[in-house]
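Scroll down for the structure; my scribbles are underneath it.
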Amino acid sequence: MNNRSSNSYCHSDCKITDMGPQPFVVDIEAATKQNNNYRTALWTGKYLQATLMSIPVGADIGLEIHPDTDQFLRIEQGNGVVKMGTGKENLSLQKCVSCGCAIFVPAGTWHNLVNTGNVPLKLYTIYAPPHHPHGTVHKTKADALAAEHQEEKIKSNPSMK
3 MNNRSSNSYC HSDCKITDMG PQPFVVDIEA ATKQNNNYRT ALWTGKYLQA
53 TLMSIPVGAD IGLEIHPDTD QFLRIEQGNG VVKMGTGKEN LSLQKCVSCG
103 CAIFVPAGTW HNLVNTGNVP LKLYTIYAPP HHPHGTVHKT KADALAAEHQ
153 EEKIKSNPSM K
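In structure tokens form, the structure reads like this:
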């Protein structure tokens, strides 16, 4: 019996779309490995969001902090180094990570993840509450930074909406 519904994740070359907030079942490992975008929102709900990420060889996520958002990351492919701490200059936790590693980032913690391997670093991340707009797709880190800059401009000047 086939238990996949019409909104389940497909394993061929198909477009990944944000299925939230509808009920959804996915092979998260396959979806993560198939994603070639820097960031793709897979599911966005009211209190939780899952995104897929692909970090190129030698690149990183970028040092960041989410003041009001807890974050969980799981590596599905590749190798990297995660750095976390209480300040930009105080990243006291540094660990090598690889396939199967889980990373827990409490709200208010500075963090970065660097791809130190020779293949794209494939991971998924769960934010609580959601951190990116529903349907977010950033092909590159530059696209993500530009979108975040635009979101900040809109927050500081609501008339731009």
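The sequence shown stops at residue 163 when you use our numbering, and every number in between is there. In this text, a Cβ means the ideal position worked out from N, Cα and C, and glycines have one as well.
Figure out for me which residue from 78, 84 and 40 has the closest Cα to the Cα of residue 95. 84
Please look up how many angstroms separate the CB atoms of residue 126 and residue 76, rounded, as I've assumed it's under 8 angstroms. The pair is a contact, with the Cβ atoms about 6 angstroms apart (cut-off 8 angstroms).
Who are the Cβ neighbours of residue 42 in its own chain at under 7 angstroms, not counting the five residues just before and after it? 18, 53, 54 and 139
So what does DSSP say about residue 51, is it helix, strand or coil? strand
Residue 80 beta carbon less than 8 angstroms from that of residue 122: The answer is yes: Cβ separation under 8 angstroms.
Should the segment 97-104 be regarded as contacting the segment 60-69, the criterion being three or more beta carbon pairs within less than 8 angstroms? no
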